[in-house]
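To start, the structure under review is shown below, and the notes come after it.
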Amino acid sequence: MMGTSTLTVASRQAFAFSRDGALPFSRCLYRINRYTQTPVNCVWFVPFLAGVLGLLSFAGSEAVGAVFTLAAAAPYIAYCIPITALFAFANELRPGPFTLGRSSFPVSATAVSWMVFAIVMIPFSTNPGPSASSMNYTIAVLGAVLVGSLTYYYFPVYGGAHWFRGSVANIDRTAAMNPGLRRNQDVDVEEKIWAGVE
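Taking the working numbering, I'd label the letters of the sequence shown as residues 4 to 201.
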């Protein structure tokens, strides 16, 4: 049951990222199967990628431990960035139907403080004076992921910094808020995204 729900969430995220052109081979991943009307390529991509990561088990317990520990720290980093950006920089975001009102800043500050504490603590080794075999290499894996992600984003000509203009929901706000949005308008929005990729 847990594997199915994880696959569902991960394939949906892969579909959303590929829809926005944020993954390598996004055009292939984004395709919707004509028969099932689902992103079958994304559904198969997720277990394939999990299998590739599973090959790390042959590299030793340190490599697997670093990846599993990173799986705990990485979401905190991903959550901290937009919460901090929301309050640190001027923006035009309007509150949705659910808002904490005046409590949003203290709640967000508490959440970010806790996550920063957890991000610092998670990479520590479980034993004092660790050896090379008992060291927690999460920070090295995190560094590699961050460097790889930034390189992919800022890569000359092909990097997302040169063509990415926001997610589909933010491209044409009036079209998205129009209840009479037709399918061909949807395609037009999609074409706007991919126009900068090619």
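No residue lacks a Cβ here, since even glycine has one placed at the ideal position from N, Cα and C.
Practice task
Within its chain, find whatever has a CB closer than 6 Å to the CB of Ala-69; leave out the 5 residues flanking it on each side and keep chain order.
Solution key: Position 66 of the sequence shown, counted from the start, is the residue given in the question as residue 69. Counting only Cβ-Cβ distances below 6 Å, and skipping sequence neighbours, we find Tyr-140, Thr-141 and Val-144.
Handout entry: Local Cβ density within 10 Å of Cys-45, reported as buried at 16 or more and exposed below that
Key = Within the sequence shown, numbered from 1, the residue matching residue 45 stands at position 42. Looking at its Cβ environment, which holds 16 or more other Cβ atoms inside 10 Å, Cys-45 is buried.
Exercise for the section: Could you work out which residue in Pro-126, Val-115, Gly-163 and Thr-7 is closest to Ala-91 when comparing CA atoms only? Expected result: Residue numbering aside, residue 91 sits at position 88 when the sequence shown is read from its first letter. Selected option, being the one with the closest Cα: Val-115.
Exercise for the section: Determine the closest residue to Phe-167 out of Asp-23, Thr-11 and Leu-10, with distance taken between C-alpha atoms. Expected result: Here residue 167 corresponds to residue number 164 of the sequence shown, with the count starting at 1. Ranking the options by Cα distance to Phe-167, first place goes to Asp-23.
Practice task
Would you mind sorting Ser-64 into buried or exposed? The rule is 16 or more other CB atoms within 10 Å of its CB.
Solution key: On the sequence shown, residue 64 is found 61 positions in, with the first residue counted as 1. It counts as exposed.
Exercise for the section: Taking the CB atoms as reference points, tell me whether Val-1 and Leu-59 lie closer together than 8 Å. Expected result: There is simply no residue 1 to check, as the chain begins at 4 and stops at 201 in what is shown.
Practice task
Compare the C-beta of Ser-136 with all C-beta atoms of chain B and state if any pair is closer than 8 Å.
Solution key: No chain B is present in this structure, which holds just one protein chain.
Exercise for the section: Could you work out which residue in Ser-29, Ser-134 and Ala-121 is closest to Ile-80 when comparing CA atoms only? Expected result: Working through the sequence shown from its first residue, we reach residue 80 at position 77. Checking every option, the nearest Cα to that of Ile-80 belongs to Ala-121.
Practice task
With DSSP as the reference, label Thr-7 as helix, strand or coil.
Solution key: Reading the sequence shown from its first residue, position 4 is the one you call residue 7. Note: Thr-7 maps to helix in three-state DSSP.
Problem - Buried versus exposed, by CB contacts within 10 Å (16 or more), Met-124 - result: Residue mapping note: residue 124 aligns to position 121 of the sequence shown, counting from 1. Met-124 comes out exposed.
Exercise for the section: Please confirm whether Ala-19 and Gly-163 have their CB atoms less than 8 Å apart. Expected result: Numbered from 1 along the sequence shown, position 16 holds the residue referred to as residue 19. Numbered from 1 along the sequence shown, position 160 holds the residue referred to as residue 163. No. Outside cutoff.
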